[in-house]
Amino acid sequence: MPRKLSHIAPDWWDYTTLENDLINDAARLTERDLRQLSRPGFKVVMYDTLEDFYLAEALEYIHAWKQATPDNPAGICGPIGPTEQLPLVARLVNDLGISIKDGHFWGMDEWYDEDTKKEVTMEHPLSFEKADRELCFDRIQKKLCMPDTQLHFPKADTANYIKSWQSGVRCAVMQGGQGDIKHWAFNDPPKRTGKWKNEAPPPAEYRKLTTRIVELHPITLAQNARTSGGGNITMVPKMAITVGPKETWMAEKVSIWHAGMHDNPLGQRLTALMISKRLADASVPMSLLADHPNVQFNYYRGGLGHCAVEMH
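So, in structure tokens, the structure goes:
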């Protein structure tokens, strides 16, 4: 029997196609319940202040780059969203005089321009590469920073980016946020079409996906307008280039940061519950991390909120 249609976008898979019992179980989770979802391979960490939260996120960059040597290069794959950690990374490198010349960095994703058939340029106001450079790498002293060839940003022609993952450089950690549609990077749920019209793709099938150009779920467009464009959804491209699950499974650790600025209280609970219970489902892409051997969810306590009804 086909699963129910999405409550948001009937042509897509998303978390609203799950059974209501699972969604309601997630909504009831308290902070204590969340902490108790930790298991081998999945760790839940709480932070009391945003200062501690973003400093810990920034330190993941430092710890990854400090592992790098000329014979054993290593790096981090990082998000745009959150971005508050990026200036802290630059300040730590500069003030502590840490050389990151052997380090690497992978951008997670970038917008795709349907007119030019290329990635957006850094003149685009929402350019992720622009944000990474302006908030972090352009602020690091040149004598300490890695050469530009060790910064890997996804392009519409994905060949070089994919090759960088296969070049022998270790990805010590892949950082991410979580979007309203329960994605990391732009690994949105798939469209409900063709062979996947009545059933979502099996997790093993979704995990085969590599870096690629994707069409974005309507909720993702709305979220990026809200968080980055002042609500102007007309400026948000409908397609993007995203790091794939295949590359994600090459990262030694996946670290997801929930400040309460992106996904909502239900979403922050639902994916943790599904990962903890190993309920991988392609309609909730973040849940596929249930099968990754080293995942950490980081929460700001003040951003957890609650799922009780409030009328505003």
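Mapping of the sequence shown onto this note's numbering: position 50 corresponds to residue 1131, and the numbering continues sequentially without gaps. For every residue, glycine included, the Cβ atom is placed at its ideal position computed from N, Cα and C.
- Do the CB positions of D1092 and P1270 come within less than 8 Å of each other? By 1-based counting over the sequence shown, the position of residue 1092 is 11. By 1-based counting over the sequence shown, the position of residue 1270 is 189. Contact: no.
Could you pull the DSSP bridge partners for C1252 from this structure?
Within the sequence shown, the letter at position 171 stands for residue 1252. C1252 pairs with G1156.
For this session: Assign A1332 to one of three DSSP states: helix, strand, or coil.
Result: Counting from 1 along the sequence shown, the entry for residue 1332 is found at position 251. Here A1332 sits in coil by DSSP.
Subject >> the stretch 1251-1268 touching the stretch 1366-1383, judged by at least three CB pairs closer than 8 Å >> reply: yes
Exercise. Using only alpha-carbon positions, find the residue among P1163, V1254, D1190 that is nearest to L1216.
Key: Within the sequence shown, numbered from 1, the residue matching residue 1216 stands at position 135. The candidate whose alpha carbon is nearest that of L1216 is P1163.
message: Beta-carbon within less than 7 Å of T1291's beta-carbon, same chain only, minus the 5 sequence neighbours each way: which residues are those?
response: Against the sequence shown, residue 1291 aligns to sequence position 210. Same-chain partners within the cutoff: I1243, G1325, K1327, E1328.
Assigned secondary structure, E1191 (DSSP; H/G/I helix, E/B strand, else coil) = Your numbering for residue 1191 matches position 110 in the sequence shown. The answer is strand: DSSP assigns E1191 an E or B state.
* Asked: Does DSSP put W1093 in a helix, in a strand, or in coil?
  -> In the sequence shown, the residue the question calls residue 1093 occupies position 12. Correct three-state label for W1093: strand.
Give me the Cα-Cα distance between N1345 and V1125, rounded to the nearest whole angstrom.
For the purposes of this step, residue 1345 is taken as the residue at position 264 of the sequence shown. For the purposes of this step, residue 1125 is taken as the residue at position 44 of the sequence shown. Roughly 17 Å separates the two Cα atoms.
Contact set for R1251: own chain, Cβ-Cβ below 6 Å, skip 5 residues either direction: By one-based count along the sequence shown, residue 1251 stands at place 170. Closer than 6 Å at Cβ, skipping near neighbours: A1155.
**Item:** Beta-carbon separation (whole angstroms), F1186 vs L1225, contact threshold 8 Å
**Value:** As a first step, residue 1186 must be located in the sequence shown, where it is residue number 105. As a first step, residue 1225 must be located in the sequence shown, where it is residue number 144. Not confirmed; about 14 Å, so no contact.
Check your understanding: Between A1139 and L1169, is the Cβ-Cβ spacing less than 8 Å?
Key -> As a first step, residue 1139 must be located in the sequence shown, where it is residue number 58. As a first step, residue 1169 must be located in the sequence shown, where it is residue number 88. Contact: yes.
**Report entry** CA-to-CA distance, P1083 to Q1166, given in whole angstroms
**Finding:** Taking the sequence shown and counting its residues from 1, the one referred to as residue 1166 is at position 85. Taking the sequence shown and counting its residues from 1, the one referred to as residue 1083 is at position 2. Near 43 Å, if we compare the C-alpha coordinates of P1083 and Q1166.
For this session: For the beta strand (DSSP E) holding K1124, just list the boundary residues, first then last.
Result: Counting from 1 along the sequence shown, the entry for residue 1124 is found at position 43. 1123-1128 is the span of the beta strand (DSSP E), which, as asked, contains K1124.
Decide if H1144 is buried, meaning its Cβ has at least 16 other Cβ atoms within 10 Å, or exposed.
Sequence index remark: in the sequence shown, residue 1144 carries index 63 (1-based). With fewer than 16 other Cβ atoms within 10 Å, it is exposed.
**Asked** Do three or more CB pairs link the stretch 1338-1354 to the stretch 1292-1301 at distances below 8 Å?
**Response** no
Straight-line gap, L1110 to V1295 (C-alpha atoms, nearest Å) = Locating residue 1110 in the sequence shown gives position 29, where the first residue counts as 1. Locating residue 1295 in the sequence shown gives position 214, where the first residue counts as 1. L1110 and V1295: Cα-Cα distance of roughly 33 Å.
Practice problem: List the DSSP bridge partners of F1378. | Solution: If you number the sequence shown from 1, residue 1378 lands on position 297. For F1378, which the question treats as bridged, DSSP gives the partners V1125, I1337.
### Message
Based on DSSP bridge pairs, tell me the residues matched to F1186.
### Response
Stepping through the sequence shown from its first residue, residue 1186 is reached at position 105. In DSSP, F1186 forms a bridge with I1157, L1232.
* Identify the continuous beta strand (DSSP E) that holds R1293 and give its terminal residues. => Numbered from 1 along the sequence shown, position 212 holds the residue referred to as residue 1293. Note, R1293: beta strand (DSSP E), 1293-1296.
Residues in the same chain with beta-carbon distance under 6 Å from A1090, minus the five sequence neighbours each way, listed in chain order, please.
Taking the sequence shown and counting its residues from 1, one reaches residue 1090 at position 9. These residues qualify, in order along the chain: P1299.
Check: Between R1382 and E1100, is the Cβ-Cβ spacing less than 8 Å?
Finding: Walking along the sequence shown from the start, residue 1382 turns up at place 301. Walking along the sequence shown from the start, residue 1100 turns up at place 19. Contact: no.
Tell me which residue opens and which closes the beta strand (DSSP E) that M1355 is part of. If you number the sequence shown from 1, residue 1355 lands on position 274. Run containing M1355: none in the beta strand (DSSP E); it sits in the alpha helix (DSSP H), 1346-1357.
(Q) Given this structure, state the Cα-to-Cα distance separating E1200 from A1340, to the nearest angstrom. (A) The sequence position of residue 1200 within the sequence shown is 119, counting from 1. The sequence position of residue 1340 within the sequence shown is 259, counting from 1. Looking at the two C-alpha atoms, the distance is approximately 28 Å.
Query raised in the report: So who's on the other strand from V1365, going by DSSP bridges?
Result: Here residue 1365 corresponds to residue number 284 of the sequence shown, with the count starting at 1. In DSSP, V1365 forms a bridge with D1362.
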